[in-house]
Structure formats: structure tokens, C-alpha cells
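A.B. asks:
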Amino acid sequence: MKKNLLFAALLTAAAANAQVKPKPKQNDVTTPLHAMKVDYPSPYGAPTKESVKAVVDRVYNYLNAVTPAEMMNKKTGAAVTDVNALDTNTVLKQGDFRLTSYEWGVTYSAFQRAAETTGDQKYAAYVKARYDFLAKWIPAVKQKFSAEYINKTKLLNQPINPHALDDGGAVCASMIKAQNSGLSNNLRPIIDHLSDYVINKEYRLKDGTLARMRPQANTLWLDDLYMGVPTMAFMGKLTGETKYYDDAVNQLQLYTKRMFNKEKGVYMHGWVESMEHHPEFRWARANGWALMTMSEVLDALPETHPGRAFVLQQFKAHVNGLMQYQDGTGFWHQLLDRNDSYLETSATAIYAYCITHAINKGWIDAMTYAPTAILAWNAVTTKVNKQGQVEGTCVGTGMAFDPAFYYHRPVNVFAAHGYGPVILAGAEMYQLLNQFKFEINDSSLQLSKK
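Numbering (mature numbering (1 follows the signal peptide of the UniProt record, and there is no 0)) for the sequence shown: -18 to -1, 1 to 432.
#1: Any idea what DSSP makes of His315, helix, strand or coil?
#2: Within 7 Å of any Cβ in chain D, is that where the Cβ of Thr275 sits?
#3: Rank His145, Pro144, Ala199, Met217 by C-alpha distance to the C-alpha of Tyr170 and give the top, closest one.
#4: Can you list, in chain order, the residues of its chain with a C-beta nearer than 8 Å to that of Val366? Leave out the 5 residues immediately preceding and following it.
#5: What does DSSP give as the partner residues of Ile422 in its beta bridges?
#6: On the three-pair Cβ rule with 8 Å, is the segment 401 to 417 touching the segment 334 to 344?
#7: Excluding the five sequence neighbours on either side, which residues of its own chain have a C-beta within less than 6 Å of the C-beta of Ile346, listed in chain order?
#8: Gly77 lies in the beta strand (DSSP E); which residues open and close that run?
#9: Tell me, to the nearest whole angstrom, how far the beta carbon of Gly77 is from that of Thr49; I am working on the premise that it is less than 8 Å.
#10: In the DSSP output, which residue or residues are listed as bridge partners for Ala186?
#11: Go ahead and label Leu137 buried or exposed: buried means 16 or more other beta carbons lie within 10 angstroms of its beta carbon, across all protein chains shown.
#12: Given a threshold of 16 other Cβ atoms within 10 Å of its Cβ, counted over all protein chains shown, does Tyr307 qualify as buried or as exposed?
#13: DSSP beta-bridge partners for Trp203?
#14: Suppose contacts are defined by Cβ-Cβ distances below 7 Å. Is residue 473 in contact with Thr191 by that definition?
#15: Going by other Cβ atoms of all chains shown within 10 Å of its Cβ, with 16 needed for buried, is Arg95 buried or exposed?
#16: Determine the extent of the beta strand (DSSP E) in which Asn55 is found, giving its start and end residues.
#17: Here's a check: name, in chain order, each residue in its chain whose Cβ is nearer than 7 Å to the Cβ of Cys154, leaving out the five neighbours to either side.
#18: Residue 435 to Asn302, Cα distance in whole Å?
#19: May I ask you to report which of helix, strand or coil DSSP gives Glu130?
#20: Taking the beta carbon of Arg196 as the centre, do at least 16 other beta carbons fall within 10 Å, making it buried, or is it exposed?
#21: Could you name the residues that DSSP lists as bridge partners for Phe242?
#22: Name the residue from Glu278, Phe115, Ser256, Val362 whose alpha carbon lies nearest to the alpha carbon of Leu207.
#23: Under the three-state reduction of DSSP, which class applies to Trp345: helix, strand or coil?
#24: When we look at the beta-carbon of His16 and count the other beta-carbons within 10 Å, is it buried (16 or more) or exposed?
#25: Give me, in chain order, the residues of the same chain whose beta-carbon lies closer than 6 Å to that of Ala92; leave out the 5 immediate sequence neighbours on both sides.
#26: Decide yes or no for the touch test of the segment 144 to 160 against the segment 120 to 127: beta carbon pairs closer than 8 Å, at least 3 of them.
#27: Please state the DSSP three-state secondary structure of Glu258.
#28: For Gly400, tell me which candidate among Thr13, Gly270, Gly312, Ala299 has the shortest Cα-Cα distance.
#29: How many angstroms separate the CA atom of Thr63 from the CA atom of Thr375?
#30: Which residue wins for smallest C-alpha separation from Phe242, given the options Glu285, Gln296, Glu255, Ala111?
#31: Leaving out five residues on either side along the sequence, give the residues of the same chain with a beta carbon under 6 Å from the beta carbon of Thr379.
#32: What is the DSSP secondary structure of Glu285, reduced to helix, strand or coil?
#33: Return the chain-ordered ranges of every alpha helix (DSSP H) run that is complete within the segment 91 to 135 and spans a minimum of 4 residues.
#34: Given this structure, state the Cα-to-Cα distance separating Ala160 from Ser83, to the nearest angstrom.
#35: Along the chain, where does the alpha helix (DSSP H) containing Asn46 start, and where does it finish?
#36: Let me make sure I understand the geometry here. Which of Val395, Tyr335, Thr30, Met381 has the alpha-carbon closest to that of Lys368?
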């Protein structure tokens, strides 16, 4: 009986095997090889508006929770809401980030732009709440305490007693945008104070170039384009005075003459007046600040300004240079032309933003440049974790004359430089998807011919 059952089972198995047709051999005749599934390291193809906004919302939810705009009594922990109760026990309630740093100037600008492109006013409310807070407490602290006390305790010291472009430039430019849009109407005294420092008090070379006295005398940091020039440009827009526009364009020309490598299409990070030969370390985020500066100036500059043609031409030259260095993952490297340096998030987000913004503004062609921007955005989204933190961002970085310094700068989720650029990139990507359609054609991302 057992033998019969075994024999029957073998017959059934043989019959089943006979019915299974062998899979055809995959070759050029039987298979469309170009359409085979690819294991891309970053998502490939156009995102949806919904997925873009979900990323921006995740970052917003995190930042809204960890950046309180509140004064408190350091002894009791109680909130201080009355300026008349201000005393030496009053401190800023600590969060994960500083509300007056230049990185947060970028973040405030980013949330304003996100509100404009998505229509979601919670982003604008974030900015308004913090600018209303600063407009209330900055004059109160300044009136109550000496400059020495403010600097020692770091109680709103950056906007009250700026000592470098980092202290005021990016925040000032963002405040001007808020003032111009009607988001906040009480910022003008702070704007005037900060812009006076940037334009009239920051150290300059003899020819008027914004400069620093560190790490060497008469040093240009490419970063300083963003720390100072947008304030100039937007002061022109706020006041209507041409001198501010002229200064902004002149700074771009002076920096570009000294620091832009036409063959490579990108900028060096640092330039020192006394050097005969300048070591060219092409740091990614500094190049991002330069590109974003040109984007900001183009936003502010009148169409009729004689310097506009130069700024637009240089913006395009820089974009074309940067495109040659994008990694297959969608990211750019910490040192742009050194592929063994690490892939960096904040610079990639800045490039994604600037290129997408330029497409949306009609400065550059969507068919040519959108796939680069979308690939960059897709890469950046892989670095926004579930909590809404931005990973893979290089910490604050001075300038150096050796590669090891740049190769080994730490990355950290509390490096504030990544947050504003990610929000900006998402805001512009959302608008791009409103204006254009994309499709996969022959396996590649293409602008759709509607």
C-alpha cells in the first residue's frame, strides 16, 4: 500500500513538472534589457507633491517642537512673559538650536518660501511667532543690560551686538523679507541695526571687498557672500536705494574675480591677500552659499539694473560647473572634485533648491536641469529621519589649507546648516511639480511633453 502511494506521488510530481514550462533565457532577443529593474542608491524618478510636503512637514514638526521662543526664570523654570519682569535670572528657554544664528536666518527664509509655494500658513506662523518674540525682547534686553553683560551671558547678543557677518546677515535678509511681505511689521529697528553692521561696519579690503582678519589677515571666505550680500540686495528692495543693489553686485564681481575657477566651474573656499598661490579647496557648502547668494540677488535686483546680466550669467556658469560633480547617488561630495571625500547633505539641499528655484523663475531650462534637481532632492529625502532631523550635514567649518581638515569635519543632526536648505529645496520642488510634469521615458526621467 505504501509503495502504491509513493508511486502515485511520484507520478503526480512528474506530471506537475511536465506542465511547468522552463523560463525563457534572458537575452537581447527575449528581454527588453533597458527596462530591467535597477537598484538605485537613492529613489529615482519624480516625487509627488504629497511626498515632498510630507518631508517638509516632518522637518517642521521637529523644529516647531525643539525651538521654543520663550524667556524663563532660570531658578524657578517659570515662563517670563512681561518685559518689566526682566532680571538677571531671565534666560532664553533652551532648545536644540539658536534662534538668532545665521543658520536660522536661512530657516526663517525657508519657512516663508514654503508658505508661499504650498499655501500652508503654519510655516509662516512659525516665523512670525519667533520674529514677534525677538521684536519684543531685543529692545527690552538692550535697554535693561549693559553690552558687557549681554555678551557675557549671550542673551540675544548676536542681534544686539553683532561682531561678524554671521551674527546678523542671514537673519537680517530674512527679516527684510518678512517686513516686505507684511508677515511682521515691527522689525525695522532690528533690520536697520543689523544692516548697518553688515554694510558699514564689517571689515573690508581697500577695494571694498567684504573680508575677515582670520585665520589670516585680509582673508576672503566664500561663505561671506551669503552672510552679507543678500542683506545688501534686499535693503535695496526695502528702501528703493540703488546703492545697495550696486554694492551687492560689486561684491559678487570681486569675489568671482578672485575665487572662481572658470575651467572647473566652481569656487575655492578661501583666499588670502598675502598669498602668491592659493590652495584651492572647493568646499561644497561654501559653493552652495555662493550659488544661493546669486539666487537671492536675482530675486531682489530690478530687471533694469545694469549688473543683473552679470549675476545671471555667473549663476548659470556656476550651475553648469556644479552639475559635472554630482555623484550617482544624487549627492555632492564634501570637496566637490574629490570623490573620496564624503557625500554631504546641506550642500546637496542648497543646490537642489537653487537649481529648482531658477527653473521656477525661468532663469534656466527645465528640460536640461530638472532631472539633476530632482535626483538631488530624492537623495536629500533619504537623510531626513523619522523624527524630522537632517542627517549627514557637515558641522560649522572654518577655512584651511590642507585636505585633511575638510575630509574629516564631523557630521551631526544638530548641525543647523541642513534644516533651512532642506525646507527651501522642498518648497521649490513642490512648486516645480505644480508647473511641470515628468515621466520615465526609456527608463530615464524626462520632462513630459504634455
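Think of the CB as a built atom: it goes at the ideal place given N, C-alpha and C, for glycine as much as any other residue.
C.D. replies: Taking the coordinates as given:
#1: Working through the sequence shown from its first residue, we reach residue 315 at position 333. It is a strand residue.
#2: The chain inventory of the structure shown lacks chain D, comprising one protein chain alone.
#3: Translated into the one-based positions of the sequence shown, residue 170 becomes position 188. In the sequence under discussion, the amino acid at residue 170 is Arg, which differs from the Tyr named in the question. Checked all of His145, Pro144, Ala199, Met217; the closest Cα to Arg170 is Met217.
#4: Within the sequence shown, residue 366 is the residue found at index 384, counting from 1. The answer, listed in chain order, is Val37, Arg40, Val41, Val372, Glu373, Val404.
#5: Along the sequence shown, read from residue 1 onward, the residue named residue 422 stands at position 440. According to DSSP, which records beta bridges pairwise, Ile422 is partnered with Leu427.
#6: yes
#7: Within the sequence shown, the letter at position 364 stands for residue 346. Ala340.
#8: Position 95 of the sequence shown, counted from the start, is the residue given in the question as residue 77. Premise fails: Gly77 is in no beta strand (DSSP E) and is neither H nor E.
#9: As a position in the sequence shown, residue 77 is number 95, starting the count at 1. As a position in the sequence shown, residue 49 is number 67, starting the count at 1. Yes, they are in contact, since the Cβ atoms of Gly77 and Thr49 sit about 5 Å apart, within 8 Å.
#10: As a position in the sequence shown, residue 186 is number 204, starting the count at 1. The sequence as given places Arg at residue 186; Ala does not occur at that position. Beta-bridge pairing links Arg186 to Leu192.
#11: For the purposes of this step, residue 137 is identified with residue 155 of the sequence shown, where counting begins at 1. Result: buried.
#12: Numbered from its first residue, the sequence shown carries residue 307 at position 325. Classification for Tyr307: buried.
#13: Within the sequence shown, residue 203 is the residue found at index 221, counting from 1. Answer is Gly252.
#14: There is simply no residue 473 to check, as the chain begins at -18 and stops at 432 in what is shown.
#15: Residue mapping note: residue 95 aligns to position 113 of the sequence shown, counting from 1. By the neighbour-count definition (other C-beta atoms within 10 Å, threshold 16), Arg95 is a buried residue.
#16: Numbered from its first residue, the sequence shown carries residue 55 at position 73. From DSSP, the beta strand (DSSP E) with Asn55 extends over 53 to 55.
#17: Working through the sequence shown from its first residue, we reach residue 154 at position 172. Closer than 7 Å at Cβ, skipping near neighbours: Ile173, Leu176, Ser177, Val180, Thr213.
#18: It is not possible to answer for residue 435, since the shown part of the chain is limited to -18 through 432.
#19: Within the sequence shown, numbered from 1, the residue matching residue 130 stands at position 148. DSSP places Glu130 in the helix class (H, G or I) of the three-state scheme.
#20: For this step, residue 196 is matched to residue 214 along the sequence shown. So Arg196 counts as exposed.
#21: Position 260 of the sequence shown holds residue 242. Paired residues: Tyr249.
#22: Within the sequence shown, the letter at position 225 stands for residue 207. When only C-alpha atoms are compared, the closest one is Glu278.
#23: The sequence position of residue 345 within the sequence shown is 363, counting from 1. Coil, per DSSP.
#24: Translated into positions along the sequence shown, residue 16 becomes position 34. With fewer than 16 other Cβ atoms within 10 Å, it is exposed.
#25: Taking the sequence shown and counting its residues from 1, one reaches residue 92 at position 110. Once the five neighbours on either side are set aside, the close Cβ partners of Ala92 are Gly402, Ile405, Leu406.
#26: no
#27: Translated into the one-based positions of the sequence shown, residue 258 becomes position 276. Glu258: coil per DSSP, three-state reduction.
#28: Here residue 400 refers to the residue found at position 418 when the sequence shown is read from its first residue. Selected option, being the one with the closest Cα: Gly270.
#29: Here residue 63 corresponds to residue number 81 of the sequence shown, with the count starting at 1. Here residue 375 corresponds to residue number 393 of the sequence shown, with the count starting at 1. Going by the C-alpha atoms only, they are around 35 Å apart.
#30: Position 260 of the sequence shown holds residue 242. Closest option to Phe242, Cα to Cα, is Gln296.
#31: By 1-based counting over the sequence shown, the position of residue 379 is 397. These residues qualify, in order along the chain: Arg391.
#32: Taking the sequence shown and counting its residues from 1, the one referred to as residue 285 is at position 303. In the structure shown, Glu285 sits in coil (DSSP, three-state: anything other than H, G, I, E or B).
#33: Qualifying alpha helix (DSSP H) stretches, in chain order: 104 to 126, 129 to 135.
#34: Locating residue 160 in the sequence shown gives position 178, counting from the first residue. Locating residue 83 in the sequence shown gives position 101, counting from the first residue. If I take the Cα positions, the gap works out to 17 Å.
#35: Reading the sequence shown from its first residue, position 64 is the one you call residue 46. Its alpha helix (DSSP H) spans residues 31 to 48.
#36: Position 386 of the sequence shown, counted from the first residue, corresponds to residue 368. Checked all of Val395, Tyr335, Thr30, Met381; the closest Cα to Lys368 is Val395.
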